[in-house]
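Input: a single structure, listed below in structure tokens.
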Ligand code: MG
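Residue numbers (my numbering): 4 to 188.
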């Protein structure tokens with residue numbers, strides 16, 4: 004068997020519906036908007052994608068398994084708590100973040116004016132310099148990747164590295180805390 008690699012990448016995706024009566028939170032930053040994202044937590048689609056990217060890098064259970072939307076604890080909760088919780092699990096495995104890159108697909112509101120604030124916010128949560136967090140704000144260009152004025156989608160990728168002098172703690176897969184799906188009759 005090959006030794007556990009020093010570097011691992013992770014990929015995350017999420018999408019939420021835009022609705023009236025919700026604050027729009029992206030990357031932990033409040034974006035002025037008539038519409039916000041629907042969801043159990045604060046529905047920060049970008050932090051959810053990043054959380055899954057970090058968990059995926061270490062093949063850990065995903066955000067839905069670790070922070071279930073059936074748990075009242077996460078009702079309207081800041082998604083920063085999930086991101087920090089995921090990164091804590093990554094660090095517990097002996098890895099740290101080298102860099103992250105993110106794509107937001109959103110027609111409205113325009114996100115470019117908020118790009119620096121969002122990158123700085125994410126960098127603070129993950130304890131890295133803002134120039135280690137990339138962010139591209141894209142429009143749908145008429146595709147159905149995210150629906151105009153109806154949803155926002157986010158993609159995130161991360162690169163993590165094993166901390167020097169840390170022995171691998173990845174020998175066995177982490178079990179998914181969700182109960183197994185009953186077999187269909
Ligand atoms: Mg989500």
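The beta carbon of each residue, even a glycine, is placed where N, CA and C say it ideally should be.
At a cut-off of 6 angstroms, is residue i close to the ligand MG when judged by its beta-carbon and the heavy atoms of the ligand?
i: residue 65; result: no
i: residue 51; result: yes
i: residue 17; result: yes
Please state whether the Cβ-Cβ distance between residue i and residue j is less than 7 angstroms.
i: residue 164; j: residue 48; result: no
i: residue 27; j: residue 15; result: no
i: residue 107; j: residue 114; result: yes
i: residue 34; j: residue 51; result: no
i: residue 133; j: residue 36; result: no
i: residue 85; j: residue 70; result: yes
i: residue 138; j: residue 109; result: no
i: residue 45; j: residue 82; result: yes
i: residue 136; j: residue 13; result: no
i: residue 32; j: residue 124; result: yes
i: residue 60; j: residue 11; result: yes
i: residue 159; j: residue 18; result: no
Applying the criterion that 16 or more other CB atoms from any shown protein chain within 10 Å of the CB defines a buried residue, is residue i buried or exposed?
i: residue 188; result: Legend: pLDDT at residue 188 = 49, less than 50; position of this residue unreliable, value from coordinates given subsequently. Answer is exposed; the Cβ neighbour count stays below 16.
i: residue 90; result: buried
i: residue 103; result: buried
i: residue 75; result: exposed
i: residue 96; result: buried
i: residue 23; result: exposed
i: residue 73; result: exposed
i: residue 180; result: exposed
i: residue 62; result: exposed
i: residue 168; result: exposed
i: residue 119; result: exposed
For residue i, verify whether its CB is less than 6 angstroms away from any heavy atom of the ligand GDP.
i: residue 126; result: Among the ligands present in this structure, namely the ligand MG, the ligand GDP is not found.
Would you say residue i lies against chain C (beta-carbon separation less than 7 angstroms)?
i: residue 166; result: Protein chain content of the structure displayed is limited to a single chain, and chain C is not contained in it.
Subject >> 3 or more residues per run - each beta strand (DSSP E) lying fully within the stretch 40 to 98 >> reply: If only complete runs of 3 or more residues are kept, the stretch 40 to 98 shows no beta strand (DSSP E) anywhere.
Original post:
What are the start and end residues of each continuous alpha helix (DSSP H) run of 4 or more residues lying completely inside the stretch 115 to 160, in chain order?
Top reply: Runs found: 118 to 129.
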